[in-house]
Structures are given as structure tokens and as C-alpha cells.
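Residue numbers (the working numbering): 110 to 547. Even glycine gets a Cβ: it sits at the ideal position worked out from N, Cα and C. Notes for the one structure printed next.
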């Protein structure tokens, strides 16, 4: 126990800080809900604080620098414990909601998956929907990155946490000399974009509450909504255009925006191979699906077809999961293609899920390299990204990741089949959850 105590000590501090986030839905409850809902958030905050402080006191005597394995353990503990803390107010606020369903909902929220087991969203207290969506904002860029940003204030290092949490194969690259400074820079960009997104939603026709909630789930690419009909509730061109723009922005690495801001130039953005591939795939898919919808008569007007296709392509490809219409009525190719895009399109360092575009680019380049070597064995043909030669160790790591990813998809699908589901439902359920599509 003493060897793990420092890990649990940091977990306890995170829990104490996390309790303060409950002030956000409590403020909305005070403004828009019945007085009893304010008590729900106070009780939930008190329970989380007591649990965190108790664990803190029990482990306060143990201190040491985190090792790599400690970082991975802490990340897994955080992503297991914080959803449990987040579920407390849902159990208290929603009659008949089981602990299992509440935990599923908050796990889906914090991981920005977007799957939900709650129906009748329009009738829920405003603060409950705020909490569901707010979880996706803080979970989108990563709770751990937020923690790393403030760890120096606690006298603790954040390198192992940063490496354990950061997605993508090039996680050792730093934007600044200090990891905490990097994390704070990323969260600053995230905050600015989120503020602009909320203002844009409100200007497009949403109420302030809906604008805040959908800003959270848009920037976090999670897809939760305060309405059962999602974006179909408004059926608004302006609102959908705002969503398309900010979902597309959030699918690109926030580190890239940080670099653009620091260099005062967009040149580095377009030079990035991953960004160019991301833009090309989204534009090509949106145009292709718009043509498909027109050809099959699913949509009659070209501009409406383009807007509808762009909204759903960007939504699914970036793993957000918003819907403005029932795309299951479209030609079967359309939803299957969009689901495929959701497995890889988002860039590393974005709030999206999936294996990330950079891994797909490296996988394609490595496959092409092996084909060339099979024909011309003596040709020196290194794998590159831009002007950077990718070392063999990184290629091996990507291949190992893809192997684990593929094996996990197959294995989990087989387990789902044991529950009695048909193969199509089982497979797409696993793909949707593993890639945080929802």
C-alpha cells in the first residue's frame, strides 16, 4: 500500500479540486431550476469533498516522484473514479435512475463518447443537462491535462501524467520547455475557442443555456444535447453552420493553434501533413455524400444537400455524434462511410476520438514503403512526415497500437455477440464506443 500511496494522494487532491467544478451546474440551478436542485449540487459537492479529503489524510505521509507506471496507473484511476463522483448528482436528481446508468452516463460524458441511456432530456432540470454537457468540455481535452497545468502549484511534476494521457505517437514533443506551461497554453486556446463558440451559438438563435451546453459538447466533440432531437430541435441553417465550423476546428490539434498564435502565422498549419489530410478527407467526403444524397433523391436542393452532408460528415468523422436528421434513411453507404471516418479522421492533440489521422497517414506510408521494397529491395525509402524522417521505433509503436486496436475490436465484438446481439449491431456498437463516436 505504501508504494501506491503517493498515487492515491494525488488522486485525492484531484478529487478535492474536481468537487469545485460542481459549482458550475449549481450556478445554473440557482438561476433556472427549483431551489431543491441547488441542494442536490451542494450534497454532491460535500460527498466528493469528504471522500477526497479522507483519502488525502490517509496518504499524506507518502511522497515521491511519479514513475512512468505511476502515471499510467493514476490516469486510469482518474478516468475510473471521477465518473463515479460525477454520477452522484445524477442519482440524486433523476428519479429511478440506477447507479449503473448514472455511471454509464458520466463515463460517456467525461470520455466525450456521447452515448446516453437517459430519455426525456427536454424535461430534465437545466442544471442536470448542463452537468452532462460540461463533463464533455472538461473531458474533451483531458482532465489530466488540466491537472498537469496546476500540478506545479502543488509542488508536483507532471511529465509522466502528460505522457500517459496525451494521444498520438509523438507525445514527447513539447511546445514549451515546461510541461505545465504547455498544458496551460493548450487550455488557454481551448477556453478562447469555447467562449467564441458559445457566443456564436447564442447569436445563431440558441438560448444562453443551450448555447453553453452545446458549446461544451461541440468543443469536447462529445455530442450530448439538451434535447432528444439533438440539432433537429432547431432545424436552423445558422446553428448548423456554427456547429460545422467549431466541430471542424476542434478536430485539429490544439497544439497547432498554439503554434499559430505564437508564430503569428498560419503557414505552419497548412504545412502539417496531418492537417492537410484531415481537411482533404472532410471536404471530399462532404462533397461526395452531398452528390450521393442528390442522386438518390434523399435531398432535393443542392445547397441543402451540401449543408446536410457537411454537418453529418463533420459530426461523425470528428466523433461528435450530433444529428440533425435521421441519416439511417439515407443510402446505406452514407452512414457506414461516416462511421469509418470516425475511426481515424480526428487529429492527434484534438478532442476527437479514434486512432487519429497521423497514425492512419503513417500506416499508409509504411504500407506503401513495404510494397516499394518488395519490388525494389535495395531502395532506401524512409517514412517521412513533412520534412521529418520517422524513426523505426515510432513506426513499430504505431503498428503495435494498430494490432492492439484491431484485436480489441474483434474481441469485444465477440463478447457482445455472447449477449445475443446480431453481428451488425454488435460490431457497430463496439466501433462507436471504442472510437468515442457514441
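Output the distance between the C-alpha atoms of residue i and residue j, rounded to the nearest integer angstrom.
{"i": "residue 542", "j": "residue 224", "result": "8 Å"}
{"i": "residue 159", "j": "residue 125", "result": "8 Å"}
{"i": "residue 427", "j": "residue 170", "result": "44 Å"}
{"i": "residue 120", "j": "residue 465", "result": "28 Å"}
{"i": "residue 450", "j": "residue 237", "result": "31 Å"}
{"i": "residue 141", "j": "residue 235", "result": "7 Å"}
{"i": "residue 346", "j": "residue 309", "result": "13 Å"}
{"i": "residue 350", "j": "residue 416", "result": "8 Å"}
{"i": "residue 375", "j": "residue 388", "result": "15 Å"}
{"i": "residue 463", "j": "residue 406", "result": "31 Å"}
{"i": "residue 176", "j": "residue 305", "result": "39 Å"}
{"i": "residue 537", "j": "residue 442", "result": "14 Å"}
{"i": "residue 197", "j": "residue 516", "result": "34 Å"}
{"i": "residue 231", "j": "residue 222", "result": "20 Å"}
{"i": "residue 518", "j": "residue 213", "result": "20 Å"}
{"i": "residue 100", "j": "residue 513", "result": "With the chain represented from 110 up to 547, any question about residue 100 goes unanswered, as that position is not in the structure."}
{"i": "residue 201", "j": "residue 367", "result": "40 Å"}
{"i": "residue 433", "j": "residue 344", "result": "7 Å"}
{"i": "residue 216", "j": "residue 448", "result": "21 Å"}
{"i": "residue 123", "j": "residue 193", "result": "13 Å"}
{"i": "residue 477", "j": "residue 189", "result": "40 Å"}
{"i": "residue 146", "j": "residue 535", "result": "38 Å"}
{"i": "residue 396", "j": "residue 411", "result": "10 Å"}
{"i": "residue 275", "j": "residue 163", "result": "With a pLDDT of 48 at residue 275, under the threshold of 50, the modelled position of this residue cannot be trusted; read the value that follows with caution. Approximately 30 Å, taken between the alpha carbons."}
{"i": "residue 458", "j": "residue 178", "result": "22 Å"}
{"i": "residue 490", "j": "residue 525", "result": "42 Å"}
Apart from the five residues on each side of it in sequence, which residues of its chain come closer than 7 Å, Cβ to Cβ, to residue i?
{"i": "residue 250", "result": "295, 296, 299, 363, 460"}
{"i": "residue 273", "result": "Because residue 273 sits at a pLDDT of 45, beneath the cut-off of 50, its placement in the model cannot be relied upon, and the point is left open."}
{"i": "residue 437", "result": "444"}
{"i": "residue 386", "result": "466, 470"}
{"i": "residue 544", "result": "428, 451, 452, 462, 463"}
{"i": "residue 307", "result": "320, 321, 324"}
{"i": "residue 342", "result": "336"}
{"i": "residue 139", "result": "147"}
{"i": "residue 408", "result": "402, 414, 417"}
Are the Cβ atoms of residue i and residue j separated by less than 8 Å?
{"i": "residue 522", "j": "residue 539", "result": "yes"}
{"i": "residue 383", "j": "residue 467", "result": "yes"}
{"i": "residue 332", "j": "residue 429", "result": "yes"}
{"i": "residue 219", "j": "residue 191", "result": "yes"}
{"i": "residue 330", "j": "residue 360", "result": "yes"}
{"i": "residue 161", "j": "residue 129", "result": "no"}
{"i": "residue 337", "j": "residue 207", "result": "no"}
{"i": "residue 413", "j": "residue 394", "result": "no"}
{"i": "residue 355", "j": "residue 378", "result": "no"}
{"i": "residue 210", "j": "residue 226", "result": "yes"}
{"i": "residue 381", "j": "residue 365", "result": "yes"}
{"i": "residue 493", "j": "residue 499", "result": "yes"}
{"i": "residue 472", "j": "residue 507", "result": "yes"}
{"i": "residue 318", "j": "residue 420", "result": "no"}
{"i": "residue 425", "j": "residue 532", "result": "no"}
{"i": "residue 431", "j": "residue 339", "result": "yes"}
{"i": "residue 326", "j": "residue 245", "result": "yes"}
Quick one, which of the options has its alpha-carbon nearest residue i's?
{"i": "residue 323", "options": "456, 301, 348", "result": "348"}
{"i": "residue 440", "options": "292, 402, 473, 355", "result": "402"}
{"i": "residue 151", "options": "123, 195, 447, 495", "result": "195"}
{"i": "residue 117", "options": "139, 157, 187, 378", "result": "187"}
{"i": "residue 390", "options": "290, 370, 357", "result": "357"}
{"i": "residue 247", "options": "113, 533, 303", "result": "303"}
{"i": "residue 114", "options": "174, 486, 292", "result": "174"}
{"i": "residue 334", "options": "474, 501, 233", "result": "233"}
Identify the residues that DSSP records as bridge partners of residue i: which are they?
{"i": "residue 494", "result": "497"}
In chain order, what residues of the same chain lie with their CB nearer than 8 Å to the CB of residue i, ignoring the 5 residues before and after it?
{"i": "residue 133", "result": "239, 240, 243"}
Kindly list the residues whose CB is nearer than 6 Å to the CB of residue i, restricted to its own chain and excluding five residues on each side of it in sequence; keep chain order.
{"i": "residue 131", "result": "150, 153, 154"}
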